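Notes for the one structure printed next.
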Amino acid sequence: MVAGNGFLYPLLGFASCVAFIYMSLGDLRLNYYEEPKVAFVERNGTHFILDGRPFYVNGWNSYWLMDQAVEDFSRPRVRAMLQAGAKMGLTVCRTWAFNDGAYNALQISPGRFEERVFKVLHKFVSGSCFPYIFRLCRNYATTPYREA
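Just so we're aligned, residue 102 is where the sequence shown starts under the working numbering, counting upward by one.
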């Protein structure tokens, strides 16, 4: 009998530790995949350079991508826009990375941010660009134009 030899409690303790560790690290993915390497666009004088070659910007402005990506029902609109840009051969998408105090706000109040919207911005909006090899230009603030 296992209990008679004094192995029951150490065995239960070990099993409890294994179960605790497994539940604590449940978010870890064992099927790690490497995202494609995407080089940054650099500047050389007045020219944009990508991987040592001239890079010509041809793209569009979709300020609403982050706002639409927050809700599950409107995410297909974001995918459709990125697919349309890819079909047209566009290489850059400019979008807002801010939304203050309104519906799906990134900044709820001064200094308080909604983590859920940050995660969407990173995982969905930025991640959706990889299959199309887009460069994403994210504006983090709105700065009004002022004449000097």
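Beta carbons are placed, not taken as given, at the ideal position from N, Cα and C, and that holds for glycine.
All values derive from a computational prediction rather than experimental measurement.
Where Leu113 falls: helix, strand or coil (DSSP):
Within the sequence shown, numbered from 1, the residue matching residue 113 stands at position 12. Reduced to three states, the DSSP call for Leu113 is helix.
Sort out for me which residues DSSP pairs Arg144 with in a bridge.
Working through the sequence shown from its first residue, we reach residue 144 at position 43. Arg144 pairs with Phe149.
Just to confirm before moving on: does the CB-CB distance between Ala181 and Val221 stay below 8 Å?
On the sequence shown, position 80 is the one that residue 181 refers to. On the sequence shown, position 120 is the one that residue 221 refers to. No, Cβ-Cβ distance for Ala181 and Val221 is not below 8 Å.
Quick one: which unbroken beta strand (DSSP E) runs of 3-plus residues sit fully inside the stretch 156–216? Chain order, please.
Within the stretch 156–216, the complete beta strand (DSSP E) segments at least 3 residues long are 160–162, 193–197, 208–210, listed from N- to C-terminus.
Cβ atoms of Leu166 and Thr196: under 8 Å apart, would you say?
Walking along the sequence shown from the start, residue 196 turns up at place 95. Walking along the sequence shown from the start, residue 166 turns up at place 65. Their beta carbons are under 8 Å apart, which means Thr196 touches Leu166 by this criterion.
Candidates Pro111, Phe214, Trp161, Cys118: closest to Ala187 by CA position
By one-based count along the sequence shown, residue 187 stands at place 86. Looking at the Cα atoms, Trp161 is the closest of the given residues.
Between the alpha carbons of Pro155 and Phe149, how many angstroms are there, rounded?
By 1-based counting over the sequence shown, the position of residue 155 is 54. By 1-based counting over the sequence shown, the position of residue 149 is 48. Looking at the two C-alpha atoms, the distance is approximately 6 Å.
Taking buried to mean at least 16 other C-beta atoms within 10 Å of its own C-beta, is Ser117 buried or exposed?
Within the sequence shown, residue 117 is the residue found at index 16, counting from 1. When all chains shown are included, Ser117 counts as exposed.
C-beta contact flag for Ala206 and Glu215 at 8 Å
The sequence position of residue 206 within the sequence shown is 105, counting from 1. The sequence position of residue 215 within the sequence shown is 114, counting from 1. Yes; because the gap between Cβ atoms is below 8 Å, this pair is in contact.
Identify which residue in Asp168, Phe141, Leu112 has its Cα closest to the Cα of His223.
Within the sequence shown, the letter at position 122 stands for residue 223. It is Asp168.
Taking the alpha-carbon of Gly153 as reference, which of Phe141, Asn159, Tyr164 has the nearest alpha-carbon?
Within the sequence shown, residue 153 is the residue found at index 52, counting from 1. For the residues Phe141, Asn159, Tyr164, the minimum Cα distance to Gly153 belongs to Phe141.
Which one of Leu183, Ser175, Val193, Val179 has the shortest CA to CA distance from Asn159?
Against the sequence shown, residue 159 aligns to sequence position 58. Closest option to Asn159, Cα to Cα, is Val193.
Can you say whether Tyr246 is buried or exposed, counting buried as having 16 or more other CB atoms within 10 angstroms of its CB?
Working through the sequence shown from its first residue, we reach residue 246 at position 145. Because the pLDDT at Tyr246 is just 49, under 50, the model does not fix this residue reliably, and the value given afterwards should be weighed accordingly. It counts as exposed.
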